[in-house]
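As structure tokens, the structure follows; a few thoughts come after it.
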């Protein structure tokens, strides 16, 4: 999504998140616009958004100084929060989850359980601010998509996992393997956080026996969870690796520690411009008209940074022959190998 195309609700959330994540700093409007890559024409909209955020009861965002030197900073001390890869702040994440619960009745019980567990961990001041924030911003945040599918015991399992994360205790799970074997296997795990990814809930874990092995398990495949008395020590660097894995488009694929990103450049037909705006692979991307010899070619160039993996390859191939990868070479090579695979298996169906 091009940053200047952010709708008001999204822009307000972006401003809010940036200020909260940097609660030791204070910002001018210009500082915030630069940080969020907003164009100058958005200045009045940003001023209006900040005014609304300042007016939220509880001094959530504080305004200091007077024109022409006006600063904005967080009025919220760092709350104890549960890690979600796409949002670092508990209050905002809880607000988003509450919004999902209202839209997807089939998951309302599950999500309400998540929100309540998070809310219980907050100091009273943060609880009051959460209530105020929900009232002011909830109606401006919308989600669309299909209903998620969870077992009847999902809330119970989730409560146990959240307790383990909060108390830094290991868990024992009965879990179904990828091979589809109906018989689940029992395993001891170290849970670090819950992630909501493409309509699914996952648990981010690190191995209790193989140091350095970090992975995700799919929530729907858990058939039982037992909270163990054995505790573990949390590694902040590992948490950051998990977060980076998701935010760079790594998804659930590959090794968690492998989070190197590359500059991706894609060429697409002009009519694909809105589709890429609506379906960005990562939140930060740029889309520009392709100009050669001073003339518009009828194509657009899409640039972003991401990890080169199967997830990215699947995203690109979903657009068929309407797109072309220009760089990096590693991605072009992967696409060529995939093309060779397709040719090997389906060449006999080609006519002529």
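In my numbering, the protein residues as written are 11 to 362.
A virtual CB, placed ideally from N, CA and C, is assigned to each residue, including glycine.
What residues in its chain sit with their C-beta under 7 Å from that of residue i, if we drop five residues either side in the sequence?
| i | result |
| --- | --- |
| residue 51 | none |
| residue 73 | 64, 80 and 82 |
| residue 263 | Annotation note: pLDDT 47 at residue 263 (below 50); position unreliable, coordinate value reported separately. Once the five neighbours on either side are set aside, the close Cβ partners of residue 263 are 319, 320 and 321. |
| residue 13 | Residue confidence is low: residue 13 scores 43 on pLDDT, short of 50, so the model does not pin down where it sits. Its coordinate-derived value is still stated next. Cβ within range, chain order: 46, 47 and 48. |
| residue 134 | none |
| residue 298 | 310 and 311 |
| residue 187 | 195 |
Over the uninterrupted alpha helix (DSSP H) stretch that includes residue i, give me the two end residues.
| i | result |
| --- | --- |
| residue 353 | 339-356 |
| residue 235 | Counting along the chain, residue 235 falls outside any alpha helix (DSSP H), though it belongs to the beta strand (DSSP E) covering 232-241. |
| residue 270 | Looking at the DSSP string, residue 270 is not in any alpha helix (DSSP H), and its letter there is neither H nor E. |
| residue 286 | 283-288 |
| residue 316 | Note, residue 316: premise wrong, no alpha helix (DSSP H); beta strand (DSSP E) at 305-316. |
| residue 40 | 39-45 |
| residue 320 | 320-327 |
Taking C-beta to C-beta, are residue i and residue j nearer than 8 Å?
| i | j | result |
| --- | --- | --- |
| residue 213 | residue 226 | yes |
| residue 199 | residue 215 | yes |
| residue 343 | residue 314 | no |
| residue 29 | residue 71 | yes |
| residue 329 | residue 282 | yes |
Measuring alpha carbon to alpha carbon, tell me which residue in the options is nearest residue i.
| i | options | result |
| --- | --- | --- |
| residue 21 | 54, 352, 328 and 180 | 54 |
| residue 201 | 171, 230, 42 and 315 | 171 |
| residue 184 | 174, 175 and 167 | 167 |
Within the same chain, show all residues whose beta-carbon is closer than 6 Å to that of residue i, passing over the 5 residues directly before and after it, in chain order.
| i | result |
| --- | --- |
| residue 318 | 272, 340 and 341 |
| residue 174 | 181, 201 and 237 |
| residue 356 | none |
| residue 348 | none |
Taking 7 Å as the cut-off, is the CB of residue i close to at least one heavy atom of the ligand FAD?
| i | result |
| --- | --- |
| residue 300 | For the ligand FAD, the structure offers nothing, since it holds no ligand at all. |
List the endpoints of the continuous beta strand (DSSP E) containing residue i.
| i | result |
| --- | --- |
| residue 296 | 296-302 |
| residue 184 | 179-185 |
Closer than 8 Å by C-beta to residue i: which residues in its own chain qualify, once you throw out the five before and the five after it? Chain order, please.
| i | result |
| --- | --- |
| residue 197 | 182, 183 and 185 |
| residue 76 | none |
TODO: Could you tell me whether the stretch 272-292 touches the stretch 326-346, using the rule of 3 or more Cβ pairs below 8 Å?
DONE: yes
TODO: Inspect the CB distances between the stretch 173-184 and the stretch 228-239 and report whether three or more fall short of 8 Å.
DONE: yes
- [ ] Say whether the stretch 303-317 touches the stretch 280-294, bearing in mind that this needs 3 or more beta-carbon pairs closer than 8 Å, one atom from each stretch.
- [x] yes
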